[in-house]
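Quick note: to get my numbering, add 580 to the position in the sequence shown (first position is 1). For each residue, glycine too, the CB sits at the ideal point set by N, CA and C. Remember, predicted model here, so these are calculated numbers, not experimental data. Data block below; observations after.
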Amino acid sequence: MRKSFVWLCCFIAISVSVQAQQKGNYALAARFSPKKMEKMLFSTSVDPHWLKSGDKFWYMYQTTAGKVWYLVDAAKGTKTKLFDNDKMAADITRIVKDPFDGQHLPIDRIKFVKNETAFQFEVKSTEEVEKKDTAAKKGAEPVKEKKTYYFEYTLATGQLTELKDFEKPKERPQWASISPDKSIVLFSKLNNLYWMDSVNYNKALKNEDDSTIVEYQLTTDGEENFSYGGGRNETNVEKEKNAKKRKSVFVYWSPDSKRFALMRTDERKVKDLWVINSVAEPRPTLETYKYQMPGEKEAPERYLYIFDASSKTNKIVNTAAFKNQEIGMWSAPMKESSRDDDFRSNIWHGTNTHFYMSRTSRDLKKIDICKVDVATGAVTTLIEERLNTYVEIRRPALINGGKEIVHWSERDGWGHFYLYDEKGNMIRQITSGPWHTEDIEGIDEVGRVMYFTANAREENEDPYYNHLYRINLDGSNLKLLNPGNFDHQVSGNDNKRFFVNNFSRVNTIPVSTLLDNTGRVVMPLEKADFSSLFAAGYKFPEPFKVKADDGITDLYGVMYKPFDFDSTKKYPLIEYVYPGPQTEAVNKAFGRGLDRTDRLAQFGFVVVTIGNRGGHPNRSKWYHNFGYGNLRDYGLADKKAAAEQLADRYSFIDINRVGIHGHSGGGFMSTAAMLVYPDFFKVAVSSAGNHENNMYNRWWSEKHHGVKEVISAKGDTSFVYSIEKNPELAKNLKGHLMLSHGDIDNNVHPGNSIRMANALIKANKRFEFVLLPGQRHGYGDMTEYFFWKMGDYFCAHLLGDTNPPVDIIEMTKEQEQSGNKRRN
581 MRKSFVWLCC FIAISVSVQA QQKGNYALAA RFSPKKMEKM LFSTSVDPHW LKSGDKFWYM
641 YQTTAGKVWY LVDAAKGTKT KLFDNDKMAA DITRIVKDPF DGQHLPIDRI KFVKNETAFQ
701 FEVKSTEEVE KKDTAAKKGA EPVKEKKTYY FEYTLATGQL TELKDFEKPK ERPQWASISP
761 DKSIVLFSKL NNLYWMDSVN YNKALKNEDD STIVEYQLTT DGEENFSYGG GRNETNVEKE
821 KNAKKRKSVF VYWSPDSKRF ALMRTDERKV KDLWVINSVA EPRPTLETYK YQMPGEKEAP
881 ERYLYIFDAS SKTNKIVNTA AFKNQEIGMW SAPMKESSRD DDFRSNIWHG TNTHFYMSRT
941 SRDLKKIDIC KVDVATGAVT TLIEERLNTY VEIRRPALIN GGKEIVHWSE RDGWGHFYLY
1001 DEKGNMIRQI TSGPWHTEDI EGIDEVGRVM YFTANAREEN EDPYYNHLYR INLDGSNLKL
1061 LNPGNFDHQV SGNDNKRFFV NNFSRVNTIP VSTLLDNTGR VVMPLEKADF SSLFAAGYKF
1121 PEPFKVKADD GITDLYGVMY KPFDFDSTKK YPLIEYVYPG PQTEAVNKAF GRGLDRTDRL
1181 AQFGFVVVTI GNRGGHPNRS KWYHNFGYGN LRDYGLADKK AAAEQLADRY SFIDINRVGI
1241 HGHSGGGFMS TAAMLVYPDF FKVAVSSAGN HENNMYNRWW SEKHHGVKEV ISAKGDTSFV
1301 YSIEKNPELA KNLKGHLMLS HGDIDNNVHP GNSIRMANAL IKANKRFEFV LLPGQRHGYG
1361 DMTEYFFWKM GDYFCAHLLG DTNPPVDIIE MTKEQEQSGN KRRN
């Protein structure tokens, strides 16, 4: 017995020694940084720019051989180069006097003109010229910029012409809301609504500071935090900086430009929140902004206005139905052929006489879809949606201006389409069954056919894979148009005769084809160039399926291995997590964002992403709402169960070394995992986590956890919110935890991580806290720094490698070739 015990001790000592000798492969992780990826992988999908005449589109596709521009005639099934690259390079060089070749064409801003028989574009040269309309006019030093040349290329002749006297159309400024007939431009200023005509707008495009620009004030009752337009969620610093500037006002125009509608929000009673920008110059700055937290009674109130553009009068629409309700409007679907237009207008979803809006109760259990009469302002409820968790809807599709309406609902437990008449009477359910419909791509009103995307219908596929379907509006002849065990993303032309189909999985090279509306493949378009990526050692991850903690529900995930993977070795497991409920951190198609998955694995880990009950909305309503009322813990059991099943399935996974990482909601979830299962999860890196959802924003927290509407005996309505918080479990921490936050995060307030740290300190727990100065929620220009800090932490506590390279940001080729140069 004693002899066996000695051998066991020796085995343990040897195992610990081997583990301590593992080194993080920093060189391999450095090889796939975002900057290096930009030089190895280029286009992965076709982005069609549909033209207005005929069934044609152009697109640019880039490979390791450079960029090529194509023109596709879908009706004829032809694809030709838009121009000869070598000839174009020579012609441009002669004019610009900068040397170019066919692989390095700096063509930018292509716009088709002259009934789409020619296109214009611009090229920047190395020549510097004085910038027009700059401060140099006021006696300051002249501002220099690269000279821009403008060209026009005629398709029929291949003739390139320099547009010497060409005045480049100015981009629409962010502050301008332009009427469809281009006669009126709206904007916000000093909290009120203003307008100018097209003559003054053109002056403003040339020089916004022109003293001759005439502006007309449309309202006078606007005030701070109850303004007409302007930037919502602005901090006091931004407000002060932009006080006298024109600001955007989001309006919805009638198609005939005679009226417009806008939403005005009263936030005067909403409480303030603060962050301190310590790196602001010359003094640290206190930033103040409006922020409502769950359960707070001081809610923003929405008001809907309709303005008459000619008489400059307005009326408030009586939308009242629920206390603290939300009001939503929809823009009309944009034509694909209009996406390159310089000055598109935002047109309301409806006709000149009426438009449609939604009205949502604060607890989100009640939503009305309403029709608004423009002349009278009367609001008519057409469709009511009610659920005991929360209701979600989408923009309804209008047939014949609203004579019929296609409505999306989850009322039977799955997302499906329903056909209504103009008075709100349901005619029929169009789609049905245990699968999920997503977006309406278009409706052929004459043929009575609807094109839409959906998932989870095809057998033996990952249920998240998206597909394109067509169905008659009477519910007959449902047909899959883009079969194949891939995730598909489509873009159709205006009449929906043709669709560009981009498809891939996480473990396949992206491919693009052209389909017609019967599902026939008209022609292949592109296949992405992975040659440089593969040459660098890239290998595809592996999709997998496991059971949830209930032993019934299928969960779908992806496994990322080191590119130098050795199946005879034991690897720590890291789960990259995001709890949802609005999405899951599980890629379905190939994506170039590798940092939290593929690239993290290169240090010497097996990284997995896996869904969980209560996660992605594109499954059943039961699956999506599984965590309702339990927003802290609902997904954790599934994460643990998935890791255990993978360890049983694969001998190379070391179930005794499990790490977890996530950002935002994933930061919240990864810390919760360490506290709920402290003996299972050993290491966590939790960034920008909303550890206390009672201090996260009201809309997300109340929606996904639930808020109780309480009506007193006097008839007064209040909302009660109560939720479990991570700091309550601080005493449970056993493993290694690194918290991180940006110090001016005005989405998830840094107080979330600071309160978590406070609770850990009071519980006498060791942990690490990385505060990123001057960073908002996404970490901005410190994302690469944070990646290496995360890598250091996992390498130290999962591999035993506490000696990272000297330069944690950029590892040079010399360092790669000589091995990992280490700190002393």
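Looking at D846, A784, I687, the one whose alpha-carbon comes closest to that of R752 is A784. Between K704 and T741, the CB-CB gap reaches or exceeds 9 Å. A straight-line Cα-Cα distance of about 58 Å links I793 and Y1214.
The continuous alpha helix (DSSP H) containing R1278 extends over residues 1278–1285. Separation of K870 and F1183 (C-alpha to C-alpha, rounded to the nearest whole angstrom) is 42 Å. Three or more Cβ pairs closer than 8 Å define a contact, and the stretch 1163–1176 meets that threshold against the stretch 1188–1205.
CA-to-CA, the gap between H1284 and F1366 works out to about 29 Å.
In this structure, the alpha-carbon of W854 lies about 25 Å from that of V1287.
The alpha helix (DSSP H) runs lying completely inside the stretch 1107–1191 and spanning 4 residues or more are 1111–1115, 1178–1181, given in chain order. Following the DSSP letters along the chain, one finds L1351 in no alpha helix (DSSP H) but inside the beta strand (DSSP E) bounded by residues 1348–1352.
Checking the DSSP bridge columns, you'll see A610 has no partner listed.
Taking 9 Å as the cut-off, the beta carbon of L1340 is found no closer than this to the beta carbon of G1322.
Shortest Cα-Cα distance from Y1136 to any of F1143, K1127, M909 involves K1127.
Per DSSP, H1204 lies in no beta strand (DSSP E) segment; the continuous alpha helix (DSSP H) that holds it begins and ends at 1201–1204. No Cβ-Cβ contact shorter than 9 Å links L962 with R991. From the listed residues D888, C950, I675, T1133, the smallest Cα separation to A1221 is found for T1133. By the criterion of a C-beta distance shorter than 7 Å, L662 is surrounded in its chain by W638, W649, Y650, L651, once the five residues flanking it on both sides are discounted.
Going by beta carbons, T1251 and N1306 fall inside the 9 Å limit.
F887 places its beta carbon 9 Å or farther from that of M909. Under the 8 Å Cβ criterion, the stretch 1199–1212 counts as touching the stretch 1141–1161, having at least three qualifying pairs. If only uninterrupted beta strand (DSSP E) runs of at least 3 residues are considered, those enclosed by the stretch 1233–1264 are 1233–1243. Counting other Cβ atoms within 10 Å of its Cβ, E878 stays below 16 and is therefore classed as exposed. L1211 is classed as buried because its beta carbon has at least 16 other beta carbons within 10 Å across all chains shown.
For D953, the uninterrupted beta strand (DSSP E) run begins and ends at 946–953, by DSSP. According to the DSSP secondary-structure assignment, A1034 is paired through a beta bridge with T1017, H1047. In this structure K711 is not in contact with K694, their Cβ atoms being roughly 30 Å apart against a cut-off of 8 Å. In the DSSP assignment, W1368 falls outside any beta strand (DSSP E) and within the unbroken alpha helix (DSSP H) covering 1363–1374.
The three-state reading of DSSP puts Y1230 in coil, since its state is none of H, G, I, E or B. Within a 10 Å sphere around the beta-carbon of D1130 sit fewer than 16 other beta-carbons, which makes this residue exposed. Between E1282 and R1335, the C-beta spacing is not below 9 Å.
Using a Cβ distance threshold of 9 Å, N1073 and P628 count as a contacting pair. A distance below 7 Å between beta-carbons, with the five flanking residues on each side excluded, links K1149 to the following residues of its chain, in chain order: F1232.
Every unbroken stretch of the beta strand (DSSP E) spanning 3 or more residues and falling wholly within the stretch 879–957 is given here in chain order: 881–888, 893–897, 906–909, 934–940, 946–953. In the DSSP assignment, R966 falls within the beta strand (DSSP E) that extends over 959–966. Rounded to whole angstroms, the separation of the alpha carbons of I949 and R1050 is 25 Å.
DSSP lists A1264 as the beta-bridge partner residues of L1317.
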